[in-house]
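K.L.:
In my numbering, the protein residues as written are 13 to 490.
Let me give you the structure first, and then I'll get to my questions.
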Amino acid sequence: MATEKSAVFIIFGGSGDLAHRKLYPALYRLFKAGMLKDHFAVIGTARRPWSNEYFRQTVVTSLEDFDDDKRMMENFAMHFFYQSHDVNDSDHYIALKQLASKLDDRFETGRNRVYYMAIAPRFFGTVAAHIKSEGLKTDGYNRLVIEKPFGRDFKSACDLNDALSKAFTEKEIYRIDHYLGKKMVQEIPNLRRKNPTFDKILNNEYVSNVQVTLGESLGVEDRGGYYETAGALRDMVQNHIMQIIGVVAMDEPEVMEADAIHEIKDELFASLKDLTPEEVSKDFVRGQYDTDNMGKLNPYRKEDKVEEDSNVETFVAGKIEFKNDRWENVPFYVRSGKRMPKKSSRIDIVFNEKVADLGIRPNTIVTFFIEPEEGSSILINGIDYQSVKQDLIKYPEDPEIFNDAREAYESLIIDILAGDKANFTLWEELKSTWKYIDVIREQWDKESPKFPNYLSNTMGPDTADTLLEKDGNSWIWN
Ligand code: NAD
13 MATEKSAVFI
23 IFGGSGDLAH
33 RKLYPALYRL
43 FKAGMLKDHF
53 AVIGTARRPW
63 SNEYFRQTVV
73 TSLEDFDDDK
83 RMMENFAMHF
93 FYQSHDVNDS
103 DHYIALKQLA
113 SKLDDRFETG
123 RNRVYYMAIA
133 PRFFGTVAAH
143 IKSEGLKTDG
153 YNRLVIEKPF
163 GRDFKSACDL
173 NDALSKAFTE
183 KEIYRIDHYL
193 GKKMVQEIPN
203 LRRKNPTFDK
213 ILNNEYVSNV
223 QVTLGESLGV
233 EDRGGYYETA
243 GALRDMVQNH
253 IMQIIGVVAM
263 DEPEVMEADA
273 IHEIKDELFA
283 SLKDLTPEEV
293 SKDFVRGQYD
303 TDNMGKLNPY
313 RKEDKVEEDS
323 NVETFVAGKI
333 EFKNDRWENV
343 PFYVRSGKRM
353 PKKSSRIDIV
363 FNEKVADLGI
373 RPNTIVTFFI
383 EPEEGSSILI
393 NGIDYQSVKQ
403 DLIKYPEDPE
413 IFNDAREAYE
423 SLIIDILAGD
433 KANFTLWEEL
443 KSTWKYIDVI
453 REQWDKESPK
463 FPNYLSNTMG
473 PDTADTLLEK
483 DGNSWIWN
């Protein structure tokens with residue numbers, strides 16, 4: 013049985029999509045596992061005037077797809093309380109503080125608080141400021157959880173960080189990148205540690221190139237309004253793709269602990285090779301989806317809340333390089349797009365001929381499948397060699413690690429309750445990645461792309477292929 017944790021969760025945006033689709037199911041699984049039991053409470057806040065009973069009903073409804081144990085769900089929901097709240101109204105924070113204190117006493121939570129920002133990013137700073145000014149912070153722990161996006165460029169990220177820093181220390185801030193909660197991404201550092209051969213060949217002597225693809229089959233659906241302000245570069249590359257690269261490319265930390273891991277990651281991101289505007293035009297390509305070959309699907313420009321002449325990219329591919337001893341001259345090709353033929357998040361590490369010196373077949377490809385399928389494979393000349401997989405990467409037998417179906421949010425909430433920041437994004441990393449992304453964005457904003465430039469259900473524009481062909485390489489997933 014898991015060790016029980018104590019806290020009051022205050023979920024700002026408790027009536028929203030993220031809360032109902034991800035957070036409540038994740039908290040419920042922790043309840044079923046006994047990690048949350050008698051000493052926790054959840055306050056959901058939003059503008060609507062809901063009763064506790066109505067709120068609890070919405071919570072139970074959000075769980076019904078996952079479970080049919082009505083009694084368990086109702087017991088869980090009894091820990092939920094609703095507080096109607098407008099982000100700008102100081103009186104509402106005072107009411108919130110009184111409710112949280114009451115629940116601290118009733119559930120004996122140790123006065124620990126998790127403040128979860130499941131609201132629009134423009135409110136993050138305001139809410140944090142009121143938490144401080146209305147005295148919600150306690151003498152237990154106070155952990156602030158921030159959803160993406162963390163800014164839309166370096167400057168706005170700095171402004172947001174300055175605002176948050178007035179109320180919370182960096183140690184108290186947990187910036188979510190849910191890819192860091194995914195099982196295969198979390199397993200990569202473990203696999204590297206447990207397989208010294210694998211770690212030894214992860215460098216420019218043996219790696220030809222690394223490919224990270226986060227592909228989605230869907231279009232923007234009902235999120236056109238948000239997407240118009242973001243685009244694939246900001247939405248996927250600055251955060252998720254960069255963090256995945258971090259896990260693959262970082263040096264091995266001395267110990268697998270948050271401080272050591274972040275120190276190593278900071279160094280890696282600080283060694284990102286600066287881009288000139290010419291390199292942006294040469295090494296990064298963008299696309300926007302058109303209809304499919306049957307003419308059935310909406311082009312991006314016809315989606316709800318999207319401008320008819322929008323130049324927002326729904327696809328990006330690029331070449332990222334590092335100027336450090338380990339990775340100098342190894343291209344990290346990255347790609348993310350909507351309306352690709354299927355949903356797939358994967359990392360392909362393509363080895364060169366030199367691995368033959370170590371008894372490994374030349375041109376071996378190691379693939380990590382992140383989602384929807386999870387696992388890894390080793391390809392030699394296009395053939396999947398299961399037996400080689402066992403030789404090179406020994407899977408831990410521990411069923412706790414490999415056979416559970418832990419969702420990313422569940423795993424990240426466990427980390428928050430444990431005070432473990434290893435799988436969260438720190439400010440120094442964000443600074444480096446935003447600076448890098450800004451150069452691309454600034455150059456792109458000066459040019460007029462010819463959009464739309466790829467059909468739905470395809471692998472993106474042809475330029476994404478030429479990007480690799482120029483280097484004598486090709487996408488492994490194509
Ligand atoms: P949503 O629109 O479904 O929910 C927003 C919540 O904020 C609602 O509960 C709403 O009542 C509340 N709210 C709005 N205005 C308010 C105000 N003035 N005062 C108080 N409360 C107010 O949004 P969502 O999809 O749940 O997203 C929430 C956050 O999570 C956003 O920052 C989003 O970028 C991030 N996020 C969401 C997802 C997702 O899957 N939905 C994924 C990643 C990140």
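Note that CB positions come from ideal geometry on N, CA and C, so glycine has one too.
Only a predicted model underlies this, so the values are computations on that prediction, with no experimental measurement involved.
1) If you draw a straight line from the alpha carbon of GLU315 to that of GLU325, how long is it in whole angstroms?
2) Opposite ARG155 in the DSSP bridges: which residues?
3) Going by other Cβ atoms of all chains shown within 10 Å of its Cβ, with 16 needed for buried, is MET248 buried or exposed?
4) Where does GLN300 fall in DSSP's three states?
5) Taking THR437 as the reference, which of VAL259, PRO353 and ASP234 has the closest Cα?
6) Going straight from the alpha carbon of PRO133 to that of PRO464, what length do you get?
7) From ASP477 to ALA329, what distance separates their C-alpha atoms?
8) Between the segment 154-173 and the segment 437-446, can you find at least three pairs of beta-carbon atoms closer than 8 Å?
9) Compute the Euclidean distance between the alpha carbons of LEU108 and ARG164, then round it to the nearest angstrom.
10) Any heavy atom of ligand 1 closer than 7 Å to the Cβ of SER27?
11) Evaluate GLY243 with the Cβ neighbour count: other Cβ atoms within 10 Å of its Cβ, from every protein chain shown; 16 or more gives buried, anything less gives exposed.
12) How many Å lie between PHE119 and PHE93 at the Cα?
13) Going by the CB atoms, is the gap between TYR40 and LEU75 shorter than 8 Å?
14) Should GLU159 be counted as a contact of ligand 1 given a C-beta to heavy atom distance under 7 Å?
15) Under 7 Å: does the beta carbon of ARG59 sit that close to some heavy atom of ligand 1?
16) Indicate whether THR150 and ARG347 have their beta-carbon atoms separated by less than 8 Å.
17) So which of HIS51, GLY26 and ILE452 has the shortest CA-CA distance to PHE67?
18) Between which residues of its own chain and SER423 is the CB-CB distance below 6 Å, once the five residues before and five after are set aside?
19) On a CA-only basis, which of ALA141, LEU35, GLY46 and LEU42 is nearest ILE55? Give me that one, please.
20) Going by DSSP, which residues form a beta bridge with LEU284?
21) Whole angstroms are fine: how far does the CA of SER486 sit from the CA of LEU467?
22) Can you name, in chain order, every residue of its own chain whose Cβ lies under 7 Å from the Cβ of GLY137, other than the five neighbours on each side?
23) Measuring only from the beta carbon, is HIS252 closer than 7 Å to any heavy atom that is part of ligand 1?
24) What did DSSP end up calling LEU35 once you bin it into helix, strand or coil?
25) Kindly list the residues whose CB is nearer than 7 Å to the CB of PRO61, restricted to its own chain and excluding five residues on each side of it in sequence; keep chain order.
26) Could you compute how far the alpha carbon of GLU340 sits from the alpha carbon of LEU287?
27) If we ignore side chains and look at the alpha-carbon of each, how far apart do ARG235 and ARG59 end up?
28) Note down the Cα distance separating HIS51 from PHE21, rounded to an integer number of angstroms.
29) Within its chain, find whatever has a CB closer than 7 Å to the CB of MET262; leave out the 5 residues flanking it on each side and keep chain order.
30) To the nearest angstrom, report how far apart GLU441 and ARG205 are at their CA atoms.
31) Buried or exposed: GLU184, going by 16 or more other Cβ atoms within 10 Å of its Cβ?
32) Let me know if LEU148 comes out buried or exposed under the rule of 16 or more other beta-carbons within 10 Å of its beta-carbon.
33) Do you know whose CA, among MET90, HIS190 and SER63, lies nearest ARG72's CA?
34) Quick check on GLN402: does DSSP put it in helix, strand or coil?
35) With a threshold of 7 Å, establish whether the CB of LEU30 neighbours any heavy atom of ligand 1.
36) Using a threshold of 7 Å, is the CB atom of HIS97 nearer than that to any non-hydrogen atom of ligand 1?
P.N.:
On the basis of the data shown:
1) 13 Å
2) VAL126
3) buried
4) Note: GLN300 maps to coil in three-state DSSP.
5) For THR437, the nearest C-alpha among the options comes from VAL259.
6) 29 Å
7) In a straight line, the C-alpha of ASP477 is about 9 Å away from that of ALA329.
8) yes
9) Spanning the two alpha carbons is a distance of roughly 30 Å.
10) yes
11) buried
12) 13 Å
13) yes
14) yes
15) yes
16) no
17) GLY26
18) GLY193
19) LEU35
20) DSSP lists PHE334 as partners of LEU284.
21) 20 Å
22) Closer than 7 Å at Cβ, skipping near neighbours: LEU172, ALA175 and LEU176.
23) no
24) Assignment of LEU35 by DSSP, reduced to helix, strand and coil, places it in the helix class.
25) SER96
26) 14 Å
27) 21 Å
28) 11 Å
29) ILE276, LYS277 and LEU280
30) So the two alpha carbons sit approximately 23 Å from each other.
31) Within a 10 Å sphere around the beta-carbon of GLU184 sit 16 or more other beta-carbons, which makes this residue buried.
32) When all chains shown are included, LEU148 counts as buried.
33) Correcting the residue identity first, residue 72 is Val in this sequence and not Arg. When only C-alpha atoms are compared, the closest one is MET90.
34) Low per-residue confidence applies at GLN402: pLDDT is 36, beneath 50, and the placement is therefore not dependable, though the value from the model is reported in the following sentence. GLN402 falls in the helix class under three-state DSSP.
35) yes
36) yes
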